[in-house]
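Novice: Under the numbering used here, the first residue of the sequence shown is numbered 255, with each subsequent residue one higher. From the three backbone atoms N, C-alpha and C, an ideal C-beta is built for every residue, glycine too. Owing to the predicted nature of the structure, the values given are computational and were not obtained by experimental measurement.
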Amino acid sequence: MQIVLERIGAESISVERVLAIRGPGDIVGEMAIIDHAPRSASVRALEDCVILPITADQLERRMASANPIVRMVLNVILNRFRATLSSLDPDGGAPAASFFLQDQRLVDAAADELRLERDLDRALEREEIIPYYQPIVRLHDGALAGFEALARWNHPIRGFIPPSTFVPALEACGKSAELTLTCMRQIVRDLPLMLGNALSNAANVEGLKVNLNVSGHDLGDMRLIDRLTAIADQAGVPTHLVHLELTESSLVQNAHRTTGVLSAARERGFGVAIDDFGTGYSTMVSVQSTPATVLKIDRSFVQGVGDGGINLPLVENMLLLASSLGMQVVAEGIESAADANALIDLGCDFGQGYAFGRAQPIEQSVALVRRWERADIAAWKRRMGDTTVSVA
Ligand code: C2E
Ligand code: CA
Ligand code: CA
Numbered sequence: 255m256q257i258v259l260e261r262i263g264a265e266s267i268s269v270e271r272v273l274a275i276r277g278p279g280d281i282v283g284e285m286a287i288i289d290h291a292p293r294s295a296s297v298r299a300l301e302d303c304v305i306l307p308i309t310a311d312q313l314e315r316r317m318a319s320a321n322p323i324v325r326m327v328l329n330v331i332l333n334r335f336r337a338t339l340s341s342l343d344p345d346g347g348a349p350a351a352s353f354f355l356q357d358q359r360l361v362d363a364a365a366d367e368l369r370l371e372r373d374l375d376r377a378l379e380r381e382e383i384i385p386y387y388q389p390i391v392r393l394h395d396g397a398l399a400g401f402e403a404l405a406r407w408n409h410p411i412r413g414f415i416p417p418s419t420f421v422p423a424l425e426a427c428g429k430s431a432e433l434t435l436t437c438m439r440q441i442v443r444d445l446p447l448m449l450g451n452a453l454s455n456a457a458n459v460e461g462l463k464v465n466l467n468v469s470g471h472d473l474g475d476m477r478l479i480d481r482l483t484a485i486a487d488q489a490g491v492p493t494h495l496v497h498l499e500l501t502e503s504s505l506v507q508n509a510h511r512t513t514g515v516l517s518a519a520r521e522r523g524f525g526v527a528i529d530d531f532g533t534g535y536s537t538m539v540s541v542q543s544t545p546a547t548v549l550k551i552d553r554s555f556v557q558g559v560g561d562g563g564i565n566l567p568l569v570e571n572m573l574l575l576a577s578s579l580g581m582q583v584v585a586e587g588i589e590s591a592a593d594a595n596a597l598i599d600l601g602c603d604f605g606q607g608y609a610f611g612r613a614q615p616i617e618q619s620v621a622l623v624r625r626w627e628r629a630d631i632a633a634w635k636r637r638m639g640d641t642t643v644s645v646a
């Protein structure tokens, strides 16, 4: 598709210049109306094509995944456009005088983002991003059942950077799969250490697995499952020891793409868990059609379940749903003895939260495997009323 700039000259002679040639899936905008010159752009189809109008939301999402420089340029152009409009219409929009200031802020923000992106490339390359492991406990008898791998970035200058900062940045620059792969490479190195120590504490540690978070951005990437399988095979680690966690909201948003990827994961032997369950507004039908094996109830439903408030019937219903679909349940974010005990009484399969231990590096996690005692679960029952308990 050709985008053509038409300029009407003083002598009413129409001049045309091809601005761009666009392919399938490209956005054809109205950028040519941003300056004062009386000109317009028109689109000429070189072959049969369908033009789909896009909403502001879709445009924003597309911008969010663009390269920071492209995003900055688009933002500057949009700002100038808004400023031009508001100078034509003094009653609407921001005053034109402020847009240079905004431009500078956008330039600074883009520079920050580029720096972060460059640092992230290095961090992925040098394994500065490492998995910390948070214990997952079988609730009815207190056995240690596994860990969730939670990424931590030890930046050489900026120190510890939480995943809430760098995971969205990786997603925005299209590198979230690299995070999954670097975590997987380290997990398959760490798992044999955990399993070796579990053998010497077999009475308290059973069926140890590690959960790996996968970004919703990678759900369209069919190669990811092949690459994860290759990493496991190369290390000689059976894939059934790794559970892939996908948030409920990412599954709902990408419903049409997920089933293929998740079915491939199940076929290769990986477990699949629906993370943050209860926050993504899925329906019974959509949960049923997901090839997931585990539901992880979001901590916003778990916390306070022991006080008998509204969360209690909600969690009861989630447990019923999971049981009717043959899925196991992990309750996330258990901090208090009261919540732990309520979940044990409700028959919830597994628990995770500060009550059982925070995410720790591999060395401490191996030590935890060695010294874990399932009898501690009976002690929590007796300690009802404590606000926080810890066995770690
Ligand atoms: P998540 O997958 O829901 O992980 C649970 C988060 O809750 C973790 O935060 C964990 O430290 C925290 N948490 C665990 N127990 C408790 C508790 O009892 N109380 C409270 N208040 N919080 C608890 P963290 O490590 O900061 O991770 C935040 C989010 O970042 C994760 O949420 C996950 O969405 C994302 N993330 C972490 N690592 C990775 C990764 O390797 N890949 C991807 N794609 N995302 C990751
Ligand atoms: Ca998770
Ligand atoms: Ca979660």
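What did DSSP end up calling A286 once you bin it into helix, strand or coil?
Specialist: Locating residue 286 in the sequence shown gives position 32, where the first residue counts as 1. Annotation note: pLDDT 42 at A286 (below 50); position unreliable, no value reported.
Novice: Report whether the distance from the Cβ of K550 to the nearest heavy atom of ligand 3 is below 7 Å.
Specialist: Sequence index remark: in the sequence shown, residue 550 carries index 296 (1-based). The answer is yes for K550.
Novice: Are the CB atoms of S554 and T533 within a distance shorter than 8 Å?
Specialist: Here residue 533 refers to the residue found at position 279 when the sequence shown is read from its first residue. Here residue 554 refers to the residue found at position 300 when the sequence shown is read from its first residue. Their beta carbons are under 8 Å apart, which means T533 touches S554 by this criterion.
Novice: Going straight from the alpha carbon of L393 to that of I616, what length do you get?
Specialist: Here residue 393 refers to the residue found at position 139 when the sequence shown is read from its first residue. Here residue 616 refers to the residue found at position 362 when the sequence shown is read from its first residue. About 23 Å.
Novice: Is the distance from the Cβ of A546 to the Cβ of I528 below 8 Å?
Specialist: Translated into positions along the sequence shown, residue 546 becomes position 292. Translated into positions along the sequence shown, residue 528 becomes position 274. The answer is yes: Cβ separation under 8 Å.
Novice: Nearest to Q582 by CA position, among D603, S619, G607 and A594, is which residue?
Specialist: Along the sequence shown, read from residue 1 onward, the residue named residue 582 stands at position 328. Of the listed residues, the one whose Cα sits closest to Q582 is D603.
Novice: Under 8 Å between the Cβ atoms of E460 and Q606?
Specialist: Locating residue 460 in the sequence shown gives position 206, counting from the first residue. Locating residue 606 in the sequence shown gives position 352, counting from the first residue. Not in contact: E460 and Q606 (Cβ atoms no closer than 8 Å).
Novice: Could you check if E432 belongs to the surroundings of ligand 1, using beta carbon to heavy atom distance under 7 Å?
Specialist: In the sequence shown, the residue the question calls residue 432 occupies position 178. E432 Cβ: outside cutoff for every heavy atom of ligand 1.
Novice: Return the CA-CA distance between V515 and R334, expressed in angstroms with no decimal places.
Specialist: Working through the sequence shown from its first residue, we reach residue 515 at position 261. Working through the sequence shown from its first residue, we reach residue 334 at position 80. Going by the C-alpha atoms only, they are around 42 Å apart.
Novice: How would you call Y387, buried or exposed, if buried means at least 16 neighbouring beta carbons within 10 angstroms?
Specialist: The sequence position of residue 387 within the sequence shown is 133, counting from 1. Buried, by the Cβ-count rule.
Novice: In the DSSP assignment, what residue or residues form a beta bridge with D529?
Specialist: By 1-based counting over the sequence shown, the position of residue 529 is 275. Looking at the DSSP assignment, D529 forms a beta bridge with T501.
Novice: Anyone know if the C-beta pair for N451 and V584 falls short of 8 Å?
Specialist: Within the sequence shown, numbered from 1, the residue matching residue 451 stands at position 197. Within the sequence shown, numbered from 1, the residue matching residue 584 stands at position 330. Their beta carbons are not under 8 Å apart, which means N451 does not touch V584 by this criterion.
Novice: CA-CA distance, L675 and C303?
Specialist: The requested residue 675 is not part of the displayed model; the chain covers only 255 to 646.
Novice: Please write down, chain order preserved, every residue whose beta carbon lies under 5 Å from a heavy atom of ligand 2.
Specialist: Counting every residue whose Cβ lies closer than 5 Å to a heavy atom of ligand 2, we get N467, E499 and D529.
Novice: With a cut-off of 8 Å, do at least 3 Cβ pairs link the segment 408-415 to the segment 372-383?
Specialist: Result yes; three or more Cβ-Cβ pairs closer than 8 Å.
Novice: Cβ of A405 within 8 Å of Cβ of I383?
Specialist: Stepping through the sequence shown from its first residue, residue 405 is reached at position 151. Stepping through the sequence shown from its first residue, residue 383 is reached at position 129. Yes, the Cβ-Cβ distance between A405 and I383 is below 8 Å.
Novice: Is the beta carbon of V556 less than 8 Å from the beta carbon of V569?
Specialist: As a position in the sequence shown, residue 556 is number 302, starting the count at 1. As a position in the sequence shown, residue 569 is number 315, starting the count at 1. Closer than 8 Å, so yes.
Novice: Mind checking whether the beta-carbon of E570 lies closer than 7 Å to any heavy atom of ligand 3?
Specialist: Your numbering for residue 570 matches position 316 in the sequence shown. For ligand 3, not one heavy atom lies less than 7 Å from the Cβ of E570.
Novice: Below 8 Å, how does it come out for the segment 518-525 and the segment 478-493: are there three or more Cβ pairs, yes or no?
Specialist: A contact exists between the segment 518-525 and the segment 478-493.
Novice: For Y535, I'd like the list of residues in its chain whose CB is within less than 7 Å of its CB, leaving aside the five on either flank, ordered along the chain.
Specialist: The count along the sequence shown starts at 1 and reaches residue 535 at position 281. Taken in chain order, the residues that qualify are V506.
Novice: Using only CA atoms, which one of N565, T501 and Q618 lies nearest to L549?
Specialist: By one-based count along the sequence shown, residue 549 stands at place 295. If we check each option's Cα against that of L549, T501 comes out closest.
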